[in-house]
Amino acid sequence: MTHPPGIGLHGAPASGPYTRRVSTAPADGLVGEVLDGRYRVIERLADGGMATVYLALDTRLDREVALKVMRAHLAQDETFRSRFHREARSAARLSHPGIVAVYDQGEDDGHMFLAMEYVPGQTLREVLDAEGALTPRAALDIMLPVLEALAVAHRGGIIHRDVKPENVILREDGAVKVADFGLARAVTSQTVTSSSGMLLGTVAYLSPEQVERGIADARSDVYAAGLVLFEMLTGSKAFEGDTAINVAYQHVYAGAPRLRSRAPDAPGVLDELVATATSRDPDGRPDDAGAFASLVRTARLELTPEELDGRP
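Numbered according to the UniProt record's numbering, the sequence shown spans residues 1 to 312.
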């Protein structure tokens, strides 16, 4: 089966975690293997802190899936295992066009995996790395469907806990999807210590209450979404640091920078929008993703065509 290359917002070739052709060399280990008597691994698509993602064929249903195989040290942690199974079941109950569907979970010879919807496209991280800051129009066009997907989860009592550009996928046809609902909850402080890269990738978007008390609610997802919007509008993360501890400290004690501190020409309505979503005090943020989406729609109506298409 062939897969046409995806096209990004401005014509960039797609190479997201569900489409990237990393390698088919024997070193890829699982390539060519069949997991759980069902999933034939075709090739490795991407590596992350928690898992390696493979393209696989579900031989039972004759469809391609993205197979997320968890890191060995995580699979050996009993607390992670129980949380992983619980969160995967919760994520599988979510049904929305903007949410990457979870089809199955299992284990084979020590390999814990999730079988998920295969989404040809690229991640928002790859778009930002390639293009830098987006226009307000493009940023809001991405943010609204992200918030709509999160709102469905919030109404169902599910918190994502790991909203970041790596978990936002732009499909080849322009649709936006959010991946990895709830999986961050499975990771304990013990499992994180042996995967600092995973923590560094996530901590840039952790809310102060997650850093300080390890708790999260819908407003924590709003905070992370606000930081993603900041990054789309400026081309840089709100918080940077050499260590996870340094970045976490900034969330709690420094607070998110104003949008206009990085993009002085940004419209005031966007500056206020980002500031509201990224308030250090959860009570100062919109109650959930649905409420934030309403603010985004209102802000968009206040922008002129010139402001929507301007760049910082």
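Every residue gets a Cβ at the ideal spot worked out from N, C-alpha and C, and that includes glycine.
Kindly list the residues whose CB is nearer than 7 Å to the CB of Lys-237, restricted to its own chain and excluding five residues on each side of it in sequence; keep chain order.
-> Answer for Lys-237: Ala-204 and Glu-231, listed in chain order.
Identify every run of the beta strand (DSSP E) within the region 136-177, keeping only runs that are complete inside it and at least 3 residues long; order them along the chain.
-> Correct list: 168-171.
Between which two residues does the alpha helix (DSSP H) harbouring Val-269 extend?
-> 268-277 is the extent of the alpha helix (DSSP H) around Val-269.
From the DSSP output, in three-state form, read off Phe-80 for me.
-> The answer is helix: DSSP assigns Phe-80 an H, G or I state.
Reduced DSSP category for Ala-256 - H, G, I as helix; E, B as strand; rest coil = Ala-256 sits in coil when the DSSP states are folded into three classes, being neither helix nor strand.
Classify Thr-278 as buried or exposed, calling it buried when 16 or more other Cβ atoms lie within 10 Å of its own Cβ.
-> Thr-278 counts as buried, since no fewer than 16 other beta carbons sit within 10 angstroms of its beta carbon.
Whole angstroms is fine: what's the gap from Gly-174's alpha carbon to Asp-180's?
-> About 20 Å.
For Gln-250, the first and last residue of its enclosing beta strand (DSSP E) = It is not in any beta strand (DSSP E) - Gln-250 carries neither H nor E in the DSSP assignment.
Is the beta carbon of Gly-235 sitting closer than 8 Å to the one on Ala-133?
-> Closer than 8 Å, so yes.
Do the region 285-299 and the region 140-156 make contact, defined as three or more Cβ pairs closer than 8 Å?
-> Flag = yes, the region 285-299 and the region 140-156 touch.
Could you check which residue in Ala-224, Asp-217, Gly-268 and Gln-250 has the C-alpha nearest to that of Glu-166?
-> Among Ala-224, Asp-217, Gly-268 and Gln-250, the Cα nearest to that of Glu-166 belongs to Ala-224.
Nearest-angstrom Cα distance between Glu-306 and Ala-299?
-> Pairing Glu-306 with Ala-299, the inter-Cα distance amounts to about 14 Å.
Separation of Ala-115 from Leu-67, as counted between CA atoms = Distance between the alpha carbons of Leu-67 and Ala-115 is about 5 Å.
State the Cα-Cα distance for the pair Ala-266 and His-73, rounded to the nearest angstrom.
-> Taking the straight line joining both Cα atoms gives about 44 Å.
Residue range of the beta strand (DSSP E) that includes Met-232 = Per DSSP, Met-232 lies in no beta strand (DSSP E); the unbroken alpha helix (DSSP H) holding it starts and ends at 218-234.
Is it true that the CB of Val-168 sits closer than 8 Å to the CB of Leu-124?
-> Yes. Within cutoff.
Exposed or buried, what is Ser-23 when buried is set at 16 or more other beta-carbons lying within 10 Å of its beta-carbon?
-> The pLDDT assigned to Ser-23 is 39, lower than 50, so where the model puts this residue is not dependable, and the model offers no usable value.
Take Gly-226 and list the residues in its own chain whose beta-carbon comes closer than 7 Å to its own, dropping the five residues that flank it on each side.
-> Setting aside the 5 residues that flank it on each side, Gly-226 is surrounded in the same chain by Val-274, Ala-277 and Thr-278, each with a C-beta closer than 7 Å to its C-beta; the list follows chain order.
Can you tell me whether Asp-221 is buried or exposed, with buried defined as 16 or more other CB within 10 angstroms of its CB?
-> Of the other Cβ atoms in all chains shown, 16 or more fall within 10 Å of the Cβ of Asp-221; this residue is therefore buried.
Alpha-carbon to alpha-carbon, Arg-262 and Gly-29 = For Gly-29 and Arg-262, the gap between their C-alpha atoms comes out near 44 Å.
Taking only the alpha-carbon atoms, compute the straight-line gap between Pro-257 and Arg-137 and give it to the nearest angstrom.
-> Pro-257 and Arg-137: Cα-Cα distance of roughly 21 Å.
Around the C-beta of Ser-207, are 16 or more other C-beta atoms found within 10 angstroms, so that it is buried, or is it exposed?
-> Ser-207 is buried by the Cβ-count criterion.
Expected contact under 8 Å - CB spacing of Val-34 and Glu-43 to nearest Å = About 14 Å separates the two Cβ atoms, so there is no contact after all.
Could you check which residue in Glu-107, Gln-76 and Pro-145 has the C-alpha nearest to that of Val-100?
-> Ranking Glu-107, Gln-76 and Pro-145 by Cα distance to Val-100 puts Pro-145 first.
Could you tell me which of Arg-155, Leu-229, Gly-241 and Asp-36 sits nearest to Asp-271, measuring between CA atoms?
-> For the set Arg-155, Leu-229, Gly-241 and Asp-36, the Cα lying nearest the Cα of Asp-271 is the one of Leu-229.
Roughly how many angstroms lie between the CA atoms of Val-296 and Leu-233, to the nearest whole one?
-> Val-296 and Leu-233 have their C-alpha atoms spaced approximately 14 Å apart.
If you drop the 5 nearest sequence neighbours on each side, which residues of the same chain put their C-beta closer than 8 Å to that of Tyr-39?
-> Sequence-distant partners of Tyr-39 (beyond 5 residues in either direction) whose C-beta falls short of 8 Å from its own C-beta, in its chain, are Ala-56, Leu-57, Asp-58, Thr-59, Val-65, Leu-67, Phe-113 and Ala-115.
Exposed or buried, Ile-159, counting other C-beta atoms within 10 Å across all chains shown (16 or more means buried)?
-> Buried is the call here.
Does the distance from the C-beta atom of Gly-98 to that of Val-178 stay below 8 Å?
-> Cβ distance < 8 Å, so Gly-98 and Val-178 count as in contact.
What is the DSSP secondary structure of Asp-109, reduced to helix, strand or coil?
-> Residue state, collapsed to three classes: coil.
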